[in-house]
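J.: Below you will find the structure I want to go over with you.
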Amino acid sequence: MPSYVIPDKCDGCKALDKTACQHICPNDLMVLDKETMKAFNQDPQMCWECYSCVKICPTQAIEVRGYADFVPLGASATAMRSTEDILWTIQFRSKEIKPKRF
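Encoded structure:
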């Protein structure tokens, strides 16, 4: 599934000229709505699901549905990054949340 921006968590990278997700998206799909100052995926069908935007988002406002080899079907994944690694938060269909390091 393509990336999805959670509007309540997105701060538009505090109105910088270009958001982090815009900067890193290899397909130039992420855009900033100038009225709401929230980023969004302008063409989800074209998303490569590379997870770049998920990994770089400073507010963890972007999530994706994981592949079956990554997380169980129906679960969503959000990245929490540090200077040394990435901790994934997996939310299962049951709403249970578990942290995972890969």
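Residues in the sequence shown are numbered from 2 upward in steps of one, following the working numbering. Ideal placement from N, C-alpha and C gives every residue a C-beta, glycine not left out.
Using CA coordinates, which residue listed in Cys22, Leu88, Glu97 and Pro59 is at the minimum distance from Gly75?
T.: On the sequence shown, residue 75 is found 74 positions in, with the first residue counted as 1. For Gly75, the nearest C-alpha among the options comes from Glu97.
J.: With a Cβ-Cβ cutoff of 8 Å, do Cys26 and Thr60 count as a contact?
T.: Start at 1 with the first residue of the sequence shown, and residue 26 comes out as number 25. Start at 1 with the first residue of the sequence shown, and residue 60 comes out as number 59. Contact flag unset, no.
J.: Can you round the beta-carbon distance between Lys39 and Pro3 to whole angstroms, since I take them to be within the 8 Å contact cut?
T.: Counting from 1 along the sequence shown, the entry for residue 39 is found at position 38. Counting from 1 along the sequence shown, the entry for residue 3 is found at position 2. Not a contact, Cβ separation roughly 16 Å.
J.: Give me the Cα-Cα distance between Gly13 and Ile87, rounded to the nearest whole angstrom.
T.: One-based indexing of the sequence shown puts residue 13 at position 12. One-based indexing of the sequence shown puts residue 87 at position 86. Their backbone Cα atoms lie some 21 Å apart in a straight line.
J.: Near Cys54, what residues of its chain come up, given a Cβ to Cβ distance below 7 Å and the 5 sequence neighbours on each side ignored?
T.: Here residue 54 refers to the residue found at position 53 of the sequence shown. Closer than 7 Å at Cβ, skipping near neighbours: Ser4, Cys22, Ile25, Cys26, Met31 and Ile63.
J.: Could you give the distance in angstroms between the alpha-carbon of Pro45 and the alpha-carbon of Ile91?
T.: Numbered from its first residue, the sequence shown carries residue 45 at position 44. Numbered from its first residue, the sequence shown carries residue 91 at position 90. Those two C-alpha atoms are separated by around 21 Å.
J.: Which class does Ser77 belong to by DSSP, given the choice of helix, strand or coil?
T.: As a first step, residue 77 must be located in the sequence shown, where it is residue number 76. Of the three classes helix, strand and coil, the one that applies to Ser77 here is strand, per DSSP.
J.: Go ahead and label Asn42 buried or exposed: buried means 16 or more other beta carbons lie within 10 angstroms of its beta carbon, across all protein chains shown.
T.: In the sequence shown, the residue the question calls residue 42 occupies position 41. Buried, since its Cβ has 16 or more Cβ neighbours within 10 Å.
J.: Hey, quick one: how far does the alpha helix (DSSP H) through Ala21 stretch, first residue to last?
T.: For the purposes of this step, residue 21 is taken as the residue at position 20 of the sequence shown. Looking at the DSSP string, the run of the alpha helix (DSSP H) that includes Ala21 is Ala21 to Ile25.
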